[in-house]
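Going down the list, the sequences are from chains L and U. Numbering follows our numbering, with no gaps: position 62 of the first sequence is 62. Plus 232 on top of the position in the second sequence (first one is 1) and you've got our numbering. All remarks here apply to the structure that follows.
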Amino acid sequence: MSTKLPEKDSELRFLDRLARSTGRRTFLQWSGITIAVAAVGCSDNNGPTPPTGVDLGSGDPGVLNYAYALEQLEAAFYTQVVASFYAGANAGEQSILTDIKNHEVIHRDFLKAALGSAAIANLTVDFTSITFTDRASVLGAAKTFEDLGVAAYNGAGKLLLSPDYLLLAGKIVSVEARHAAAIRDLLVANSFAGSDVVNGNGLDRAFTPSEVLTLADPYITTTITANNLPTT
Amino acid sequence: MKAKTILGSLDADLAEQVSRRGALTRSGKMAGALAIASMPVAFGLMAKRAFAQSGTLPQAIIDVLNFALTLEYLEDEFYRTGLGSGVIPSAATPIFQTISTHEAAHVALLTSTITSGGGTPVPKPTFDFTAGNTFPDPFTDYPTFQALSQGFEDTGVRAYKGQAGNLMTNDAILTTALQIHSVEARHASAVRRLRGQKGWITGNQSGIASAAVQPIYNGEENTTQGVPGIDTAQFGNAASASEAFDEPLLRADVEAIVGPFIV
Numbered sequence: 001m002s003t004k005l006p007e008k009d010s011e012l013r014f015l016d017r018l019a020r021s022t023g024r025r026t027f028l029q030w031s032g033i034t035i036a037v038a039a040v041g042c043s044d045n046n047g048p049t050p051p052t053g054v055d056l057g058s059g060d061p062g063v064l065n066y067a068y069a070l071e072q073l074e075a076a077f078y079t080q081v082v083a084s085f086y087a088g089a090n091a092g093e094q095s096i097l098t099d100i101k102n103h104e105v106i107h108r109d110f111l112k113a114a115l116g117s118a119a120i121a122n123l124t125v126d127f128t129s130i131t132f133t134d135r136a137s138v139l140g141a142a143k144t145f146e147d148l149g150v151a152a153y154n155g156a157g158k159l160l161l162s163p164d165y166l167l168l169a170g171k172i173v174s175v176e177a178r179h180a181a182a183i184r185d186l187l188v189a190n191s192f193a194g195s196d197v198v199n200g201n202g203l204d205r206a207f208t209p210s211e212v213l214t215l216a217d218p219y220i221t222t223t224i225t226a227n228n229l230p231t232t
Numbered sequence: 233m234k235a236k237t238i239l240g241s242l243d244a245d246l247a248e249q250v251s252r253r254g255a256l257t258r259s260g261k262m263a264g265a266l267a268i269a270s271m272p273v274a275f276g277l278m279a280k281r282a283f284a285q286s287g288t289l290p291q292a293i294i295d296v297l298n299f300a301l302t303l304e305y306l307e308d309e310f311y312r313t314g315l316g317s318g319v320i321p322s323a324a325t326p327i328f329q330t331i332s333t334h335e336a337a338h339v340a341l342l343t344s345t346i347t348s349g350g351g352t353p354v355p356k357p358t359f360d361f362t363a364g365n366t367f368p369d370p371f372t373d374y375p376t377f378q379a380l381s382q383g384f385e386d387t388g389v390r391a392y393k394g395q396a397g398n399l400m401t402n403d404a405i406l407t408t409a410l411q412i413h414s415v416e417a418r419h420a421s422a423v424r425r426l427r428g429q430k431g432w433i434t435g436n437q438s439g440i441a442s443a444a445v446q447p448i449y450n451g452e453e454n455t456t457q458g459v460p461g462i463d464t465a466q467f468g469n470a471a472s473a474s475e476a477f478d479e480p481l482l483r484a485d486v487e488a489i490v491g492p493f494i495v
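Shown next, in the form of structure tokens:
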């Protein structure tokens, strides 16, 4: 056990992390405990145990948490993919998947930073249905996640009140669409904008949070509630 | 009946969104009234409200839709001309057919939406795909055709992104624009990869030999996101951070880019 208080800077960083990861109310409850004791639990970066359920919240922060949840899912998936590529992954495929992993990690970490203390906790994912050693399984899951991400951001745009956040969502969704196109073409040539995702009017899909979370649910252990999200 | 007819003349998908939104916003407020209202009357009311929302679009939104229509005209004619010219090798023909079909659909959708909204669609410009001989042979030299295709798609992505904020007052139109936006991004990724590029944009690199296309990519190197700004390079590196976020273009910048292609 450390008997020395952390340096000022790292102490502040720690407090900030603690506040972000546990929510302001919990942090305030914790603040009566001495810093040194609290630091023991977190000094090895374990952080608090992930909760069994999270609520995305309301308003624009709720919508951003919704995006953050999806980016957590994607980042976790690709991190596992690149940690040990499926058999026969060629250099081009490894490059694409590594790039996408880097993008999703950046999306996730950016949204977490932007949300600050409003950010939901880390989600626990469930990829037991994915065979990470199998190309078709990995790319099939990647296609599902990317197409779902596109539909989610397209459907969430109208829920946002801030034009700044709408622009942010727009900056991310087109990159998700670029990913989706690349992954789809790895699976089937000329399927980058197939009729299963782009309708006869040349429109991509736009899903409600409820539709998206239902489709994402098999891959996420943490229970996500979205009852307070805006609907228009 | 009148409202229903006009709704029917709207693009089916858009009409569905418009009426769904109308139904959603009304469902809470009207719950009591609905209980005593006959169903035909209730549905008639919903259709009328939906029409009121879509039937008279503000001029500001019509302007954005006409701006988008001009870009779609450009893309539509570019691909139709390309497919008819023999410049595209047979192996790549299905890709450009897919894209061409979407651009034609976007022209039709925007035209009908503008008309339904009480506006006047801008006429199709006369295009010069050599941009005053900057690109001398777009329909005989395949690399030039591909490069222009990439440039137009990446421009389209930036153009729609830049207009989203101007459509926030109308959920249905905003969503439709976003649904076009991501399709343009799918196109861009496919064409870029066909050219041996990454599907995403690294820094402000065009991957195209001509300096004339550089304005399409300027600003894409940005890694500071959000308000207040957060440096996203800290979550990876500058190259990945620039790839992870596509950047918008102002309407004036888009017009400067496509201007040379319009006679």
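Yeah, the Cβ is synthetic: ideal placement off N, Cα and C, and Gly gets one too.
- For U/Q411, at least one C-beta of chain L is nearer than 8 angstroms to its own C-beta.
- Taking 9 angstroms as the upper bound on Cβ-Cβ separation, chain L lies near residues I462, T464, A465, Q466, F467, G468, N469, A471, S472, A473, E475, A476, F477, D478, E479 and P480 of the stretch 462 to 483 of chain U.
- Residue burial annotation: L/L229 is buried, with at least 16 other C-beta atoms found within 10 angstroms of its C-beta.
- Ranked by how close their Cα comes to the Cα of U/F361, the residues U/P447, U/E309 and U/R483 have U/E309 in first place.
- Within chain L, no residue has its beta carbon less than 9 angstroms from that of U/K356; the closest one is some 17 angstroms off.
- Under a 10 Å Cβ-count criterion, L/A76 is classified as buried, with 16 or more other Cβ atoms of the shown protein chains found around its own Cβ.
- In the DSSP assignment, the residues bridged to U/Q457 are U/I462.
- Contact between the stretch 184 to 194 of chain L and the stretch 115 to 132 of chain L is absent: fewer than three C-beta pairs spanning the two stretches fall below 8 angstroms.
- For L/T223, the enclosing beta strand (DSSP E) has its first and last residue at T223 to T225.
- At a cut-off of 8 angstroms between beta carbons, L/N102 contacts chain U.
- In terms of Cβ geometry, L/F145 and L/E74 form a close pair [threshold 8 angstroms].
- Take the alpha-carbon of L/S162 and the one of L/T222: they are about 28 angstroms apart.
- In the structure shown, U/D485 falls within a helical segment according to DSSP collapsed to helix, strand and coil.
- Taking CB atoms only, L/L168 has a neighbour in chain U less than 8 angstroms away.
- Put simply, of U/P447, U/A473, U/E487 and U/Y311 the residue whose alpha carbon is nearest the alpha carbon of L/V175 is U/A473.
- Using a 10 angstroms sphere on the CB of U/Q446, the tally of other CB atoms stays under 16, which defines it as exposed.
- As computed with DSSP, L/V125 is found in a beta bridge with L/I220.
- Put simply, the backbone Cα of U/R425 is about 23 angstroms away from that of U/A336.
- Excluding its 5 nearest sequence neighbours in each direction, L/K101 has C-beta neighbours in its own chain below 8 angstroms: A75, Y78, T79, V81 and V82, listed in chain order.
- Assigned with DSSP and collapsed to three states, U/F359 falls in strand.
- For U/G431, the nearest beta carbon of chain L is closer than 8 angstroms to its own beta carbon.
- The criterion of a C-beta distance shorter than 8 angstroms is not satisfied by L/A89 and L/T133.
- Proximity of L/S210 to chain U, defined by a Cβ-Cβ separation below 8 angstroms, is not satisfied.
- Linking L/R135 to L/L186 through their CA atoms gives a straight-line distance of about 10 angstroms.
- When 7 angstroms is used as the limit between beta carbons, L/K158 is near these residues of chain U: D403, L406 and T407, in chain order.
- Boundaries of the beta strand (DSSP E) around L/G53: G53 to D55.
- Boundaries of the alpha helix (DSSP H) around L/E146: R135 to A156.
- According to DSSP, U/I494 shares a beta bridge with U/F359.
- Between the alpha carbons of U/A465 and U/V459 lies a distance of about 16 angstroms.
- Residue-level contact check: L/N190 touches chain U, since one or more beta carbons of chain U fall below 8 angstroms from its beta carbon.
- Contact between U/G364 and U/P492 holds: CB atoms are separated by about 6 angstroms, below the 8 angstroms threshold.
- Measuring C-alpha to C-alpha distances from U/S438 to each of U/D485, U/G388 and U/A379 identifies U/A379 as the nearest.
- Setting aside the 5 residues that flank it on each side, U/T358 is surrounded in the same chain by I494 and V495, each with a C-beta closer than 8 angstroms to its C-beta; the list follows chain order.
- For U/T330, the closest C-alpha among the options L/D196, L/T231 and L/I220 is that of L/D196.
- In summary, U/A484 is exposed, with fewer than 16 beta-carbon neighbours lying within 10 Å of its beta-carbon over all protein chains present.
- L/R178 has a beta carbon lying within less than 8 angstroms of a beta carbon in chain U.
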